[in-house]
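In what follows, a single structure is set out as structure tokens and then discussed.
Residue numbers (this note's numbering): 228 to 574.
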């Protein structure tokens, strides 16, 4: 590992502290180095608040060292006025001579302009250090801006014999396939992603809350497919405690601040329409939690980025068959007896 890679790795570690809190902004970490020693570091914590470079500069005790320092940043410094001033101007004003950038920002208002401004001001700029890792860090932000849709994560739990639900349930509550540790991990994921989507059948059968009550952090936006308005006020998704977007063919509804209705025809193009609706509502990432029909619909048209599949130790013998996926297996973990497999879609 080179010196530049070492410090960029630290930028990435810092940036991950903002996962789930920076939407609609990207994850960014920054480190300032003087004569082989880190003298300042920071990360972007929340949209509208100071960027990573600002926190890094402010953390430097002896500001005179900045004129001989190198600033590392995982994503190209911004060059435009948004809710905060341009970070390029800060670097230029503080006379930091060397700038090392992980990857270029695809956001149209930046997109190379920050690097160009720094070079034109006489800074020594290096771009592309741990570029793949920096791109992976902001896979949500990049997918949203480059593909005009959210980063799509499929998630389900299946039994050891390949079922996601039994033949019948005695009451309207989930039948647990995985252990409490796996379920808590799912709630952690809910704090990290911007939204979670389920179909009508899942709501009617399980009455899920779709929140992150078992982990500290933000609740996701709930996305609910309800073609004909079957989901009554008796279900948790109608409780107005967190923002919920209902996608429906019905026009008999009233939109409120926390309850938004979007119209779509439930035909063969529904999945693409869902992506358009989520993009319009500035949703950068979404977990698709099922059921099987909804999940398989995304898989069949290859409109997904990542799949997280739990395999529990339970068996049902019969029931609803788990989705069939043909992605690339990139990782596998043991969670106290449960198996977790991570797939990526490179198509």
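Positions of the beta carbon are idealized from the N, C-alpha and C atoms, including for glycine.
No experiment lies behind these values; they were computed from the predicted model shown.
Which residues does DSSP pair with residue i in a beta bridge?
i	result
residue 446	Paired residue(s): none; residue 446 is not in a bridge.
residue 561	566
residue 422	448, 513
residue 300	257, 328
residue 473	451, 488
residue 268	258
residue 571	533, 555
If you check the beta carbons only, do residue i and residue j fall under 8 Å apart?
i	j	result
residue 550	residue 526	yes
residue 447	residue 417	yes
residue 267	residue 301	no
residue 517	residue 386	no
residue 438	residue 469	yes
residue 562	residue 412	yes
residue 511	residue 334	no
residue 258	residue 296	no
residue 315	residue 341	yes
residue 235	residue 299	yes
residue 449	residue 471	yes
residue 345	residue 327	no
residue 494	residue 529	no
residue 382	residue 501	no
residue 360	residue 317	no
residue 245	residue 271	yes
residue 332	residue 303	yes
residue 554	residue 566	no
residue 353	residue 231	yes
residue 462	residue 434	yes
residue 248	residue 273	yes
residue 261	residue 292	yes
residue 490	residue 509	no
residue 384	residue 537	yes
residue 458	residue 425	no
residue 467	residue 483	yes
Can you check whether the C-beta of residue i is within less than 8 Å of a C-beta belonging to chain C?
i	result
residue 228	Chain labels in this structure do not include chain C; a single protein chain is all it has.
State the CB to CB distance for the pair residue i and residue j, rounded to an integer number of angstroms; the pair is presumed to be in contact (CB under 8 Å).
i	j	result
residue 432	residue 455	Rounded, the Cβ-Cβ distance is 16 Å, inconsistent with contact.
residue 391	residue 531	About 16 Å separates the two Cβ atoms, so there is no contact after all.
residue 319	residue 348	5 Å
residue 410	residue 441	7 Å
residue 356	residue 329	6 Å
residue 377	residue 513	5 Å
residue 423	residue 452	Going by Cβ atoms, the distance from residue 423 to residue 452 rounds to 12 Å, so no, they are not a contact pair.
residue 519	residue 548	7 Å
Which word fits residue i, buried or exposed, when buried means at least 16 other C-beta atoms lie within 10 angstroms of its C-beta?
i	result
residue 564	exposed
residue 253	buried
residue 407	exposed
residue 375	exposed
residue 443	exposed
residue 560	exposed
residue 251	exposed
residue 294	exposed
residue 399	With a pLDDT of only 48 at residue 399, under 50, the local geometry of the prediction cannot be trusted, and the value read off the model is given with reservation. So residue 399 ends up on the exposed side.
residue 492	exposed
residue 419	buried
residue 557	exposed
residue 521	buried
residue 373	exposed
residue 306	buried
residue 238	buried
residue 575	Lying outside 228 to 574, the shown extent of the chain, residue 575 is not represented and no answer is given.
residue 351	exposed
residue 545	exposed
residue 365	buried
Taking 7 Å as the cut-off, is the beta-carbon of residue i closer than that to any non-hydrogen atom of the ligand PLP?
i	result
residue 453	For the ligand PLP, the structure offers nothing, since it holds no ligand at all.
Where in the region 311 to 395 do unbroken runs of the alpha helix (DSSP H), each at least 4 residues long, occur, reported from the N-terminal end onward? 314 to 320, 340 to 347, 358 to 364, 366 to 374
Start-end ranges of the alpha helix (DSSP H) lying completely within the region 513 to 560, minimum 4 residues: 519 to 527
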